[in-house]
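Q: Numbering (my numbering), first residue to last: 590 to 829. Here a beta-carbon is modelled for each residue, glycine too, at the ideal position from N, C-alpha and C.
1) Which residue from 613, 813, 784 puts its Cα closest to that of residue 593?
2) Considering only the beta carbon of each residue, do residue 758 and residue 694 sit closer than 8 angstroms?
3) Less than 8 angstroms between C-beta atoms, sequence neighbours within five positions excluded: which residues of the same chain meet that for residue 789?
4) Specify the secondary structure class of residue 621 as computed by DSSP and reduced to three states.
5) Could you have a look at residue 639 and say whether DSSP puts it in helix, strand or coil?
6) Per DSSP, which one or two residues make a beta bridge with residue 601?
7) Measuring CB atoms only, is the region 776-786 touching the region 746-760, in the sense that at least three cross pairs come out at less than 8 angstroms?
8) From the DSSP output, in three-state form, read off residue 811 for me.
9) Can you give me the Cβ contacts of residue 688 inside the same chain, cut-off strictly under 7 angstroms, excluding the 5 residues immediately before and after it?
10) Alpha carbon to alpha carbon, how far is residue 590 from residue 804?
11) State the beta-bridge partners of residue 612 as determined by DSSP.
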């Protein structure tokens, strides 16, 4: 079977119009923020459900049904299957992709990176949002296979990130592979994740941008490498 792991529900409609063969798995998480503890996958899901319940008021039961069970479909893949990871370049998507690589490493499935089309230095962090269904077909055709070393590095990046191991993240940032473009920039952001984003929000509020609708676009402009959505930025604003 062929699986396509999409980086959120917003891409599903365009993807379905593209009529690309395979089953869709939607990653509805934002592992870039919050507690990532758990000695088992079950404990990990419980940690995430509790964090999101407190931080965003989400329903833990709905989390298990729509997020955890959806991602656990990846554990059902086999060595004869193909899994395409449709993730963007910024830290938000990178961390989600690292998690998926860690989850998939034991399955033996053939794994591929599918990257956004038509990015430039000015919009490299924008991702698939500007891609049409024809663009997505081209993205799929240009997918790159993860080597075993790539998969191992992705798994190591996940463990280093969840443990906030800055030394390990910096060491891994030097790895070079077509499957990990902008890894150095992303790893630098990963090291600063607990300090720099909130400093950006403080600076923007000091400039008079006190409402989410005015602060968020400016945050995205100056801190696009983090890939934060409005819910992550709103959470930072609440904690100031």
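A: Straight from the coordinates:
1) Closest option to residue 593, Cα to Cα, is 613.
2) no
3) So the qualifying residues of the chain are 808, 811, 812.
4) coil
5) helix
6) Answer is none; residue 601 lacks a bridge partner.
7) yes
8) helix
9) The residues are 620, 747.
10) Straight-line Cα distance between these residues: approximately 44 angstroms.
11) 592
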